DNA sequence: GAAAATATTGAAAACGTTACCATACTTACT
DNA sequence: AGTAAGTATGGTAACGTTTTCAATATTTTC
């Protein structure tokens, strides 16, 4: 494997000069620069990143932490993030943290070993060591899609509760009063969206019914189908469903169809996220659009301002969502 | 940031001893080992990966190369690969190579800089430098989902042509004779699946009609819908469609529905891959299942045998596919 | 035309680890 | 008792870069 010394020898210059050419610094004569460039081209030399990182004390790499079982929304968001990081010529490293504590700890250790310049967290983390480490080492961090009261970090969120409220209000405005809720974990955005659901019901004078709420384990279509079957089997009648992710909603539509219930004729369904699939499903899904491109762009822009030190105080930015009416909801007849 | 020297000082031993504890080597007294472990725990020390990689001449990291716009099949495959690499305690680094040559070159350079121990390619690459680099440096490589005549590398594939043949034969057996084909690029698996389509027609004595073939740019639902509209607008009648990926098929179903055509009553559709969504769509998709878990497992197992030197000769392994009949195909009435 | 400033260059230190070698001490076997 | 073989330990070189410093060469300025 060819090293900087080989290039220096080949171009008959010192390693310092090669290094200067490599890092596009000044103070290199045109003659020597061309010789070095020629040697590099000839050998196909690329500097060893490990060596470079070690001595320069920076990795030009940003860690993006995602759940191992990321859904379409997270997948699209990370695409945007990766794309924008490249614009700022940063490398992107992905870290998948599984849902158990042990997996999260493993993720943190890999992350520590890599001495990253910055971190973007795309999902809530559970172990406190994570936050401790980032704060203790003053590593620029952006929390995307969530925030924490006990963490004074730059974050980018949406107004989850209001968005959920809008979704449920739409169903209510169509005449629905028995509205099922397909949710998830008791913390994080799932719980906040449930609050929005409750508030919409309360505002409309509809009693909250525990029997109409079902919690999914993960945000997959399969779980959405399972949850919907559970709901149907409870025999508490409902004419509409609000699912907290599009995948859950799509799974719900599948399960309803299996029981001979048509969407939106028999049951109206509204999702959340507006993943690509939402506009291609049959029927097309009524949903809340999260501004994925803007979220990705903002997350990177904010991180960049932290990295360059142009901004020191952590900012909390909330982006607007949009209600998208498609074909999965209809007026109650 | 705490280093191995700090730990050595704190535990009152030499750095050599700390290194031995870190790498779980022998020749360390229980007494000193506990002192070192205690110091590590106390400081939260994690060895610097860059330093470790540089001197040890190995990174314990495998690069997984994926297209930037990976589809669900590739997403599921990479999940399996990442999971199995972890089992063998290798790190996984993802490299996204865009479809243009420049993007691929950038991908290669990052990969070179990282001095990976091995590579798994999840999609065909275009620039020859890639292969040159891997071969010149004898980097253990596994080609997953494709192979190359001019590349004597370990590969794991399916019999693309036979699988496509099976899919089209199914349509023919249902009485269809005017079968549309939604394909893609002129190289790689897209072209091979087209061959399977042609062979099936030929075997059944059906003339190949160029008007029934349409090429998508990417394998997304959107492209599937676009392609289908093109096909309909050509006014060459068809009663069935074979799409070379499930996403294309799902997009096709959407476009057909938009034109008032019902699946499978008016048109039968069969896809390829059997992504999760295929069993949740309305209607459920008839498709060819690729053995994703086995492919991921085999890819990693083969790479491991290359890494440990237990196998030197490149193996080409072909895995069987399964035809899955669901609801998107019906007998021609 | 001399002094000052600036550009070009290379030598050597440093980064944080592991690998290798040397030494001191045990233990085991003739 | 004396040698061989092993265990525990530390010192130091090495890895491939960038950074810093010092030395020269060239240009600018008055």
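Protein chains in written order, with the working numbering: chain A, 1 to 333; chain B, 1001 to 1333. Cβ atoms here follow ideal geometry from the backbone N, Cα and C, with glycine treated the same way. These figures come from a predicted structure and were not determined experimentally.
Who does residue i pair with in a DSSP beta bridge?
i                       : result
residue 95 of chain A   : A:65
residue 309 of chain A  : Paired residues: none, contrary to the question.
residue 287 of chain A  : A:324
residue 273 of chain A  : A:289
residue 1154 of chain B : B:1142
residue 1279 of chain B : For residue 1279 of chain B, which the question treats as bridged, DSSP gives no partner whatsoever.
residue 1268 of chain B : B:1240
Establish whether the CB of residue i and some CB of chain B are separated by less than 8 Å.
i                      : result
residue 276 of chain A : yes
residue 96 of chain A  : yes
residue 41 of chain A  : no
residue 227 of chain A : no
residue 91 of chain A  : yes
residue 153 of chain A : no
residue 128 of chain A : no
residue 49 of chain A  : yes
residue 114 of chain A : yes
I need the DSSP call for residue i, collapsed to helix, strand or coil.
i                       : result
residue 1007 of chain B : helix
residue 1190 of chain B : helix
residue 16 of chain A   : helix
residue 118 of chain A  : strand
residue 1180 of chain B : strand
residue 1211 of chain B : helix
residue 319 of chain A  : strand
residue 303 of chain A  : helix
residue 331 of chain A  : coil
residue 1204 of chain B : coil
residue 1297 of chain B : helix
residue 1090 of chain B : coil
residue 1024 of chain B : coil
residue 124 of chain A  : coil
residue 185 of chain A  : coil
Start and end of the alpha helix (DSSP H) containing residue i?
i                       : result
residue 1255 of chain B : 1246-1258
residue 1168 of chain B : 1160-1173
residue 1130 of chain B : 1128-1136
residue 40 of chain A   : 30-43
residue 81 of chain A   : 72-87
residue 1232 of chain B : 1221-1233
residue 1 of chain A    : Taken as a continuous stretch (DSSP letters only), residue 1 of chain A belongs to no alpha helix (DSSP H), as it is neither H nor E.
residue 147 of chain A  : Here residue 147 of chain A belongs to no alpha helix (DSSP H), and DSSP marks it neither H nor E.
residue 1104 of chain B : 1101-1113
residue 49 of chain A   : 49-56
Shorter than 8 Å from the beta carbon of residue i to some beta carbon of chain A?
i                       : result
residue 1110 of chain B : yes
residue 1137 of chain B : yes
residue 1250 of chain B : yes
residue 1197 of chain B : no
residue 1117 of chain B : no
residue 1046 of chain B : yes
residue 1001 of chain B : yes
residue 1330 of chain B : no
residue 1082 of chain B : yes
residue 1133 of chain B : yes
So which residues on chain A does residue i lean against when the C-beta distance must stay under 7 Å?
i                       : result
residue 1282 of chain B : 253, 254, 257, 282
Cβ closer than 8 Å: which chain B residues qualify as neighbours of residue i?
i                     : result
residue 54 of chain A : 1048, 1050, 1051, 1054
Can you name the residues of chain A whose CB is closer than 8 Å to the CB of residue i?
i                       : result
residue 1221 of chain B : 276, 277, 280
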